[in-house]
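A.B. asks: In the working numbering, the protein residues as written are 29 to 447.
Below is the structure I would like to discuss, written out as structure tokens.
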């Protein structure tokens with residue numbers, strides 16, 4: 029499968045409009061972190077205040093993910109996503125107006141980011157559940173790879189564009205551009221049509237839907253095993269590579285510049301692997317994915333044993349390639365094996381379990397580095413990271429899960445007549 033052949037999936041009208049919506053949405057999201065950070069710093073120089081604003085976005089997003097999954101499985105996902113995009117556009121526009129006019133206070137930004145985080149909790153499960161409703165099973169891999177390629181490209185370019193906007197016209201106007209992308213994302217979804225849910229489906233309460241989602245999650249071994257593993261992996265990654273790593277880099281031979289180059293290499297590795305996967309077919313999505321994500325342990329070893337720019341950049345590129353393999357494998361496993369009517373709830377339980385321990389890692393790694401020294405902590409973390417990732421492969425359903433039989437004409441989320 030070449031890149032040109034992968035692009036043919038865009039000829040599917042509904043997916044093409046969905047892709048356009050996701051592209052402009054990702055463009056804004058890739059800039060928003062820089063824009064928000066410098067918007068806060070325009071109001072105050074306090075790093076603690078920035079932490080409050082970031083946490084105000086993250087906490088409600090995690091809390092309301094399960095509610096978002098239920099909503100996305102009960103109502104049209106396109107409508108849920110559109111309303112979430114409009115709400116996000118409104119919050120970012122309000123923040124931009126306050127910053128531009130010089131009236132912003134920290135509590136304003138905390139409240140607006142909390143609302144934004146809540147809307148993201150509604151949008152995420154709906155967004156993840158839409159792809160298998162828009163393309164045939166045979167096109168799931170190229171569809172996911174195109175979305176991943178756009179994400180990888182914008183992850184490289186977005187922060188630089190945001191920084192240029194902040195320097196050129198100010199953080200408030202950078203937020204205004206982000207607000208515009210959210211609004212455009214909602215507009216681009218207007219032509220999208222997805223198959224309606226069966227009218228004779230049994231009517232259940234939201235609580236019953238939530239309980240049904242939990243029953244499915246805990247009874248699907250490969251699903252909960254991988255999510256539990258990522259509860260640990262994400263805690264180590266967020267604490268080790270987002271908190272302790274930058275602090276250590278600043279005082280080591282790696283330096284701030286080396287750290288920045290390493291993170292660019294991570295995004296580049298993801299993008300290059302996306303291109304490679306357009307010419308390959310994953311047959312065992314979780315087997316490939318867990319081997320791939322184990323490569324994300326390599327940066328820990330580089331920081332522990334050889335904290336210099338060249339080795340760090342190399343292992344970060346390899347880690348990025350591994351992340352992309354896992355990302356595709358996980359999307360295929362979920363979209364092909366989870367029933368359409370349960371898909372958004374499954375994604376919400378996945379996200380909740382994967383994200384919930386991240387603050388623990390962020391709070392723990394700083395003290396651990398002080399108690400035991402950064403390099404020993406990185407070394408132990410690297411060993412544990414690889415061990416946890418590979419341990420999941422000892423579970424038969426993780427090791428054996430394979431792609432479902434593909435049908436050329438029926439979208440993955442649409443039930444076929446029984447024979």
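By construction, the Cβ of each residue, glycine as well, lies at the ideal position given by its N, Cα and C atoms.
Please classify residue 313 as buried or exposed, where buried requires at least 16 other C-beta atoms within 10 Å of its C-beta.
C.D. replies: By the 10 Å Cβ count, residue 313 comes out buried.
A.B. asks: What three-state label does DSSP hand residue 228 in the structure shown?
C.D. replies: Residue placement at residue 228 is poorly supported in this model, since its pLDDT is 48, which falls under 50; the coordinates are not used for a value here.
A.B. asks: Can you give me the Cβ contacts of residue 352 inside the same chain, cut-off strictly under 6 Å, excluding the 5 residues immediately before and after it?
C.D. replies: Cβ neighbours of residue 352 beyond the five flanking positions: 298, 301, 302.
A.B. asks: What separation, rounded to the nearest whole angstrom, lies between the Cα atoms of residue 430 and residue 311?
C.D. replies: Rounded to the nearest angstrom, the two C-alpha atoms are 6 Å apart.
A.B. asks: Take residue 305 and list the residues in its own chain whose beta-carbon comes closer than 8 Å to its own, dropping the five residues that flank it on each side.
C.D. replies: Answer for residue 305: 169, 173, 352, 353, 356, listed in chain order.
A.B. asks: Considering just the uninterrupted stretch of the alpha helix (DSSP H) at residue 250, what are its terminal residues?
C.D. replies: Note, residue 250: alpha helix (DSSP H), 249-267.
A.B. asks: Look up residue 164 in the DSSP assignment and say whether it is helix, strand or coil.
C.D. replies: The answer is strand: DSSP assigns residue 164 an E or B state.
A.B. asks: Between which residues of its own chain and residue 333 is the CB-CB distance below 6 Å, once the five residues before and five after are set aside?
C.D. replies: Cβ within range, chain order: n/a, list empty.
A.B. asks: First and last residue of the alpha helix (DSSP H) that includes residue 352?
C.D. replies: Its alpha helix (DSSP H) spans residues 337-365.
A.B. asks: Nearest CA to the CA of residue 215: which residue from 112, 126, 192, 278?
C.D. replies: Per the Cα distances, 112.
A.B. asks: Is the beta carbon of residue 347 closer than 8 Å to that of residue 326?
C.D. replies: Yes.
A.B. asks: Considering only C-alpha positions, which residue in the set 392, 208, 422, 282 is nearest to residue 272?
C.D. replies: Of the listed residues, the one whose Cα sits closest to residue 272 is 392.
A.B. asks: Which first and last residues belong to the alpha helix (DSSP H) in which residue 114 is found?
C.D. replies: Per DSSP, residue 114 belongs to the alpha helix (DSSP H) from 105-128.
A.B. asks: Reducing DSSP to helix, strand and coil, say where residue 233 ends up.
C.D. replies: Residue state, collapsed to three classes: coil.
A.B. asks: At the level of alpha carbons, what is the spacing between residue 249 and residue 426?
C.D. replies: The alpha-carbon atoms of residue 249 and residue 426 are separated by roughly 8 Å.
A.B. asks: So residue 42 packs on residue 220, CB below 8 Å; how close in whole Å?
C.D. replies: Correct: roughly 5 Å between the Cβ atoms.
A.B. asks: Using a Cβ distance threshold of 8 Å, determine whether the region 88-103 contacts the region 368-388, with at least three qualifying pairs required.
C.D. replies: Yes, the region 88-103 is in contact with the region 368-388.
A.B. asks: Where do the ends of the alpha helix (DSSP H) carrying residue 307 lie?
C.D. replies: Run containing residue 307: none; DSSP gives neither H nor E here.
A.B. asks: Closest by CA to residue 116, which one among 140, 200, 134, 128?
C.D. replies: Residue 116 has its Cα closest to that of 140, out of 140, 200, 134, 128.
A.B. asks: Out of 234, 405, 67, point me to the one whose CA is closest to residue 121's CA.
C.D. replies: Taking only the C-alpha atoms, the option nearest residue 121 is 67.
A.B. asks: Looking at C-alpha atoms only, which residue of 136, 178, 151 is the closest neighbour of residue 471?
C.D. replies: Nothing can be reported for residue 471: it is not among the residues displayed for the chain, which extend from 29 to 447.
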